[in-house]
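Notes to accompany the following structure.
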Amino acid sequence: MPTEVQVCSLKRDTPQTIPANSPYTVIRFPFGSAESSDGFTMHQVNQPDGYVVTSWDTDARSGLIWPSVAGWGALYAMIQWEAGGYDELRDQFVRDPLGLTSTPNDTTATEHRPPSPGMQCWTKHWGIFVDPAVPLAVRATHDDGVARNIVLAEFKLVVHQAA
Numbered sequence: 128m129p130t131e132v133q134v135c136s137l138k139r140d141t142p143q144t145i146p147a148n149s150p151y152t153v154i155r156f157p158f159g160s161a162e163s164s165d166g167f168t169m170h171q172v173n174q175p176d177g178y179v180v181t182s183w184d185t186d187a188r189s190g191l192i193w194p195s196v197a198g199w200g201a202l203y204a205m206i207q208w209e210a211g212g213y214d215e216l217r218d219q220f221v222r223d224p225l226g227l228t229s230t231p232n233d234t235t236a237t238e239h240r241p242p243s244p245g246m247q248c249w250t251k252h253w254g255i256f257v258d259p260a261v262p263l264a265v266r267a268t269h270d271d272g273v274a275r276n277i278v279l280a281e282f283k284l285v286v287h288q289a290a
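Following my numbering, the numbering of the sequence shown begins with 128 at its first residue and continues without gaps.
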């Protein structure tokens with residue numbers, strides 16, 4: 128059976144500060160970035176539920192990908208943290224991280240990682256079923272005693288829809 132593939136690829140290349148010992152924080156992404164690709168309108172200022180993002184860098188909704196179709200989704204993320212006094216770095220994919228549906232904060236692929244020397248660079252990949260009514264995000268946190276920056280991040284969704 129042939130399948131149709133739809134892709135959304137986001138990149139953030141400016142720092143995002145994650146507070147010390149904070150709950151998981153949605154990584155936010157700009158709209159229309161030259162490094163991003165959103166040919167299926169899954170990451171838009173005007174969101175499917177009518178909300179309009181006015182400041183991508185401060186509004187957690189700019190971290191949402193709204194799948195364009197239902198299907199099997201392959202999620203990818205790359206997160207680079209500045210060097211710091213971490214004992215643990217944490218990241219996860221999440222369906223509805225902002226409580227916009229009746230089943231919020233459905234997390235998957237949660238990882239807790241010990242730091243390596245210097246800058247912290249991580250990638251992850253995970254497959255899940257996706258639905259256009261349920262937005263997706265990648266979230267991160269750390270256990271350092273001071274706020275730390277994610278200096279580069281990417282978040283991608285590839286949806287395989289049966290034709």
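We put the CB at the ideal spot given by N, CA and C, even for glycine.
{"Asked": "Cα-Cα separation, S160 to T181", "Found": "16 Å"}
{"Asked": "Simplified DSSP assignment, three categories, for S149", "Found": "coil"}
{"Asked": "Residues of its chain near M205, where Cβ-Cβ distance is below 6 Å and the 5 sequence neighbours each way are ignored", "Found": "T250 and E281"}
{"Asked": "Within 7 Å, strictly: CB atoms of L263 and R222", "Found": "yes"}
{"Asked": "N- and C-terminal bounds of the beta strand (DSSP E) containing T230", "Found": "Here T230 belongs to no beta strand (DSSP E), and DSSP marks it neither H nor E."}
{"Asked": "Proximal residues to D214 (C-beta, below 6 Å), its chain only, five neighbours per side dropped", "Found": "D270"}
{"Asked": "Selected residue, minimal CA-CA separation from W208, among A260, D176, Q133 and L279", "Found": "L279"}
{"Asked": "Residues sharing a beta bridge with L137, DSSP", "Found": "F282"}
{"Asked": "Bridge-paired residues (DSSP) for I277", "Found": "Q143 and W208"}
{"Asked": "Own chain, CB closer than 6 Å to P157, minus 5 neighbours either side, in chain order", "Found": "W183"}
{"Asked": "Reference F220; option with closest CA among S149, N148 and T268", "Found": "T268"}
{"Asked": "Boundaries (first-last residue) of the beta strand (DSSP E) holding R217", "Found": "L216 to R222"}
{"Asked": "Helix, strand or coil at R240 [DSSP, three-state]", "Found": "strand"}
{"Asked": "Residue from D258, I154 and Y203 whose Cα sits closest to the Cα of T230", "Found": "D258"}
{"Asked": "6 Å Cβ shell around S149 - same chain, five flanking residues per side excluded", "Found": "T268"}
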